[in-house]
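Notes follow the structure.
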Amino acid sequence: MESRILAIVTLNMDHVAGGAPIFFAPNPEEQEKMARTLAKTLDATVHILPDGTYFIVRH
Numbered sequence: 004m005e006s007r008i009l010a011i012v013t014l015n016m017d018h019v020a021g022g023a024p025i026f027f028a029p030n031p032e033e034q035e036k037m038a039r040t041l042a043k044t045l046d047a048t049v050h051i052l053p054d055g056t057y058f059i060v061r062h
């Protein structure tokens, strides 16, 4: 099974492009909550980029 990005959770829409559903969070606390909820619901893993963008991956 290949890894696949299922969703992106960001604070800044200018830092991301299409390819997966993108969720905008109003603050860092809500961003983390959204990322963890999505990962749990999608049976996936949360990863975070150096710029603070979360991405949800199914491995």
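So the sequence shown is numbered by our numbering: it starts at 4 and just counts up by one.
Heads up, the beta-carbon is just placed ideally off N, CA and C, and yes, glycines get one too.
What you are looking at is a predicted structure, and each value in this text was computed from that prediction instead of being measured.
DSSP bridge partner residues for residue i (one or two, in chain order)
| i | result |
| --- | --- |
| ALA10 | ILE59 |
| VAL49 | ILE59 |
Exposure of residue i, with buried meaning 16 or more beta-carbon neighbours within 10 Å
| i | result |
| --- | --- |
| ALA42 | buried |
| ALA20 | exposed |
| THR40 | exposed |
| MET37 | buried |
| ILE59 | buried |
| THR48 | exposed |
| THR44 | exposed |
Integer-rounded CB distance, given that residue j should sit under 8 Å from residue i
| i | j | result |
| --- | --- | --- |
| ILE11 | THR56 | 6 Å |
Identify every run of the alpha helix (DSSP H) within the stretch 18-48, keeping only runs that are complete inside it and at least 4 residues long; order them along the chain.
31-45
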